[in-house]
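In what follows, a structure is listed as structure tokens, so that the remarks can point back to it.
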Amino acid sequence: MTCELNAHEWRTYLRMVPTVSRADATATTFASFVIEDRRPGAVRI
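Under this note's numbering, think of the first position of the sequence shown as 14, with each following residue one higher.
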């Protein structure tokens with residue numbers, strides 16, 4: 014999971030790999046969410 018924050022929003026990216034047994038496994042973004050300033054709740058983007 015990675016997060017990006019600024020004064021207006023919080024973005025979170027859920028990243029996954031197909032196998033943890035390979036160091037060169039390519040990560041893909043499974044889901045992304047944003048929480049905007051003054052708007053309650055996370056929204057999937």
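All C-beta atoms in this analysis are idealised placements derived from N, C-alpha and C, irrespective of residue type, glycine included.
Note that the coordinates shown come from a computational prediction; the quantities given were computed from them, not determined experimentally.
Would you kindly work out how many angstroms separate the C-alpha atoms of residue i and residue j, rounded to a whole number?
{"i": "L27", "j": "R51", "result": "23 Å"}
{"i": "R24", "j": "R35", "result": "28 Å"}
{"i": "V33", "j": "M14", "result": "15 Å"}
{"i": "L18", "j": "P53", "result": "16 Å"}
{"i": "I48", "j": "T41", "result": "21 Å"}
{"i": "E22", "j": "I58", "result": "13 Å"}
Tell me, to the nearest whole angstrom, how far the beta carbon of residue i is from that of residue j; I am working on the premise that it is less than 8 Å.
{"i": "V30", "j": "A20", "result": "Actually they are not in contact, since the Cβ atoms of V30 and A20 sit about 32 Å apart, beyond 8 Å."}
{"i": "V56", "j": "F46", "result": "7 Å"}
Name the one or two DSSP bridge partners that residue i has.
{"i": "F46", "result": "T25, R57"}
Under DSSP, the beta strand (DSSP E) around residue i begins and ends at which residues?
{"i": "T15", "result": "15 to 18"}
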